[in-house]
Amino acid sequence: MTTPESYSYGPWHDGPDPLAPPIDLRDALDEIGQDVMGGSSPRSALEELLRRGTRDTAGLDELTRRVWQRRSQIQRRNNLDGTLQEVQRLLNEALDAERRALFPDPSDDARLAEAELDALPPGTAAAVRELTDYQWRSEQGRENYEKIQDLLGREMLESRFQGMKEALQNTSQEDVERVNQMLSDLNELLDAHARHSPDVDERFEEFMRQHGEFFPENPQNVDELIDALAERAAAAQRMMNSMSEEQRNELMSLAQQAFGDPRIAQQLSQLDAQLRALRPGEDWTSSARFRGRNPLGMGEGAQAMQDLAELDALAEQLAQSYPGARLEDIDLEALERQLGPDAGVDARRLSELERELRRQGLFERAPDGSLRLSPKALRRLGETALADVVNALRGKTGQREQESAGAAGEPTGASRPWQFGDMQPWDTSRTVRNAVLRTASVGGGRVRLDVSDVEVVETEHRSRAAVALLVDTSWSMVQEGRWLPMKRTALALHQLISTRFRNDALQLITFGRYAAAVELAELVGLEGAWEQGTNAHHALLLAGRHLRRHPDAQPVVLMVTDGEPTAHLEPDGEAVFDYPPQPQTLYRTVSEVDRLAKLGASLTVFRLGDDPRLEAFVDLLARRSGGRVVAPDLDGLGAAVVGDYLRTRRR
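So, in structure tokens, the structure goes:
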């Protein structure tokens, strides 16, 4: 008989949760794509997304703002004289109680004691020191004086050893001896480490066996012990640096009264000196300005300085401005400690988002070594752009979205879910398979077809089209905010042709001072540049070359521009620019339109802007080619171009 295994369940801590739902990258990629098409590099666009955050996740900028807000709150709400105030209060209460006890006593000893109290120096530290050997008559006075010594001891230790104040709430003489012995052994251990003593590891083990209760951090070796102690001691020193000279002198003098045993202060002074020598890289010299009303004791002040240092480190990590910076560098435990668990969740999400964007192949290296969007990412951006265009077309015409690739055509080998109005034949095998899987997933039973099971055969037109999309990339397109709509239009048209009209041949052509045939990735990543010239002549020449390479295809030429031609190409390949346009520029541009018309291509010009000279010229081009002019607004540019392509192709 086998014994059943026992299982325990708890949070997953070893890397990303394997059962967590996959991260949805669609919105993130759309935002990156928008920035890239606006002229940012993919790397800058990714960094901007991480800084800005997403709809459900605070970005690095917001987390940084909260870090600085938290830092400001610490300094604005607190001050560092809490220990001095408390000592002063206990001393005043002790002296008042003692005077009340002496007043009814008529003896000369009582008068002598009153005179001794009246002669105390004005400084708190000096008064406490003068009362070291005083014989108290008042029980409250004696108790308060002991409280002062106990408070000073616990505050001194708390400023060097976090948690010590609570551990020594009721301090006995045995506790004081135990602390003194721990400090003595600790200084001997650090001295042995500094001398590279061969038995330092054994000394460390023995030290932790005897005094491990004082170190909740549970260091595993002497270096970890020194790191923890040096960080706290440096914070205590920065706290002292932040006080006024008078406050600093008072505390240093009061330190000798810690637990009524001057050895404690001497041991701590020796410890600080050793830690400073062993960890000179710690910040021992800076200070901070505290201007609030909430008094902090020495231990609380040291913790406040540690918090400030931790917040400064977090701000640097969140800025990601140093070489080789990665989101994995962010100290999530420190972030949650300072800003709460929600901040840790946001930082983890951002880190996972960055990791998934890289892991899923949405970026790739260009031949020059730069980072660019991968074909997978471009397809995703194209899907979004095309969906927006289709919605715009539907909104204008009142018709349903037309996703058919041809009512009569050849099967592509693919299928898709049926939608209302589809007239393609059913893909029977896939439809039945969907019904069987759906029935099995809900518990079996008799298989019945549901409308959600139906898939139709995807087809495409038997005819082909050679499509040239000419887009103006002159500086005015950037200046007038037409850069991004132009790129989204190219994306939408490219996505439509590559998915629904696969036999069509699309050529993207950019034209500024010169024209160039470009791939989609080049166009998407193209940055706006200050360059004078709108060389429509060169663009039309390249379009004609593309059409001649596909003589059996229906020619379609689409031009997006916001300016009249101001440049043309000379036979030697040199571009000539002039404004206003030279007659030679206009003549060569019109001549190239005439050549396209002889190939059977009509030119559709999408005019952006209301320049009268441009309006007159593009009307001339449309008349000579049998084409037309469309003047869409920027939001409707994509719908206008895609709609005209579909109209021309059907015709």
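To convert a position in the sequence shown, counted from 1, into this note's numbering, add 460. Glycine included, each C-beta is placed from N, C-alpha and C at the ideal position.
Residue i - DSSP class collapsed to helix/strand/coil
| i | result |
| --- | --- |
| N681 | coil |
| I686 | helix |
| D1012 | coil |
| D932 | strand |
| E1034 | coil |
| R560 | helix |
| S567 | coil |
| T745 | coil |
| N539 | strand |
| P755 | strand |
| T1064 | strand |
| L953 | helix |
| E705 | helix |
| G842 | helix |
| V907 | coil |
| A518 | strand |
| P877 | strand |
| H656 | coil |
| E915 | strand |
| G1103 | helix |
| W943 | helix |
| V407 | Nothing about residue 407 can be read from this structure; the chain reaches only from 461 to 1111. |
Whole-Å CB distance - residue i paired with residue j, under 8 Å assumed
| i | j | result |
| --- | --- | --- |
| V1101 | L1081 | The Cβ separation is near 16 Å, so there is no contact. |
| Q730 | N647 | 5 Å |
| T517 | R809 | 4 Å |
| L485 | Q820 | 7 Å |
| F719 | Q609 | 6 Å |
| N640 | D721 | 7 Å |
Residues near residue i in its chain [Cβ-Cβ closer than 6 Å; skip 5 each side]
| i | result |
| --- | --- |
| M700 | R708 |
| G1103 | L853 |
| A1091 | R1067 |
| A557 | S598, Q600 and G601 |
| D1095 | none |
| L738 | I686 |
| E1052 | H997, L1000 and L1001 |
Beta carbon of residue i nearer than 8 Å to that of residue j
| i | j | result |
| --- | --- | --- |
| F823 | L813 | no |
| Q734 | L650 | yes |
| V588 | L714 | yes |
| G757 | E546 | yes |
| D1071 | M937 | no |
| V506 | A837 | Before going on, a small fix: residue 506 reads as Leu here, not Val. Not in contact: L506 and A837 (Cβ atoms no closer than 8 Å). |
| A977 | G842 | no |
| R663 | A652 | yes |
| D645 | F674 | no |
| L1059 | P1025 | no |
| H954 | L986 | no |
| S427 | A654 | The requested residue 427 is not part of the displayed model; the chain covers only 461 to 1111. |
| A1003 | V1017 | yes |
| L778 | T524 | yes |
| E796 | G804 | yes |
| R511 | D521 | yes |
| A965 | A1013 | yes |
8 Å CB neighbourhood of residue i in its chain, flanking five on each side removed
| i | result |
| --- | --- |
| P692 | One point to set straight first is that residue 692 is Arg, not Pro, in the sequence displayed. So the qualifying residues of the chain are S619, R620, F621, Q622, A762 and Q766. |
| W744 | A694, Q697, R698 and R736 |
| A794 | E770, A773 and L774 |
| T584 | L544, V547, Q548, L551, E710 and L714 |
| W878 | W886, V911, V914, E915 and V916 |
| G905 | T899 |
| V1050 | L1080, L1081 and R1084 |
Beta-carbon contacts of residue i that lie in its chain and below 7 Å, excluding the five residues immediately before and after
| i | result |
| --- | --- |
| A1057 | R1084, S1085 and G1086 |
| L679 | The amino acid occupying residue 679 in the given sequence is Pro; Leu does not appear at that position. The residues are L685 and A688. |
| S875 | D887, R890, E915, V916, V917 and E918 |
| E760 | G542 |
| V956 | Residue identity check: residue 956 is Leu in the sequence provided, not Val. Cβ neighbours of L956 beyond the five flanking positions: L846 and V1102. |
| E590 | L580 and P581 |
| R942 | D1022, L1068 and L1094 |
| T462 | Interpretation of T462 is limited by its pLDDT of 49, a score under 50 that renders its predicted location unreliable; the figure taken from the coordinates is listed afterwards. The answer is none, since no qualifying residue turns up. |
| Y974 | N995, H998 and A1035 |
Proximity test, residue i beta-carbon vs the ligand GDP heavy atom, cut-off 7 Å
| i | result |
| --- | --- |
| S704 | Looking at this structure, you won't find the ligand GDP or any other ligand, since it has none at all. |
Legend entry - the region 838-848 / the region 501-508 touching (three or more Cβ pairs under 8 Å): Counting Cβ pairs under 8 Å, fewer than three are found: no touch.
Legend entry - Cβ contact check for the region 1022-1037 and the region 982-995: 3 or more pairs under 8 Å: Contact check between the region 1022-1037 and the region 982-995: three or more CB pairs, one atom from each, fall below 8 Å, which counts as touching.
Inset, instruction - Give a yes or no on contact between the region 895-913 and the region 926-941, applying the rule of three or more CB pairs nearer than 8 Å. - result: Contact between the region 895-913 and the region 926-941 is absent, because fewer than three Cβ pairs lie under 8 Å.
Inset, instruction - Indicate whether the contact test is met: 3 or more Cβ pairs, each with one atom in the region 567-586 and one in the region 522-539, closer than 8 Å. - result: No: fewer than three Cβ pairs fall under 8 Å.
Inset, instruction - Specify whether the region 907-920 and the region 999-1010 touch according to this definition: at least 3 beta carbon pairs, one from each stretch, less than 8 Å apart. - result: Fewer than three beta-carbon pairs drawn from the region 907-920 and the region 999-1010 are found closer than 8 Å, and the two stretches are therefore not classed as touching.
Inset, instruction - Mind the definition here: the region 996-1004 touches the region 939-954 only if three or more C-beta pairs lie below 8 Å; say whether that holds. - result: Remark: fewer than three beta-carbon pairs, one from each stretch, lie closer than 8 Å, so the region 996-1004 and the region 939-954 are not flagged as touching.
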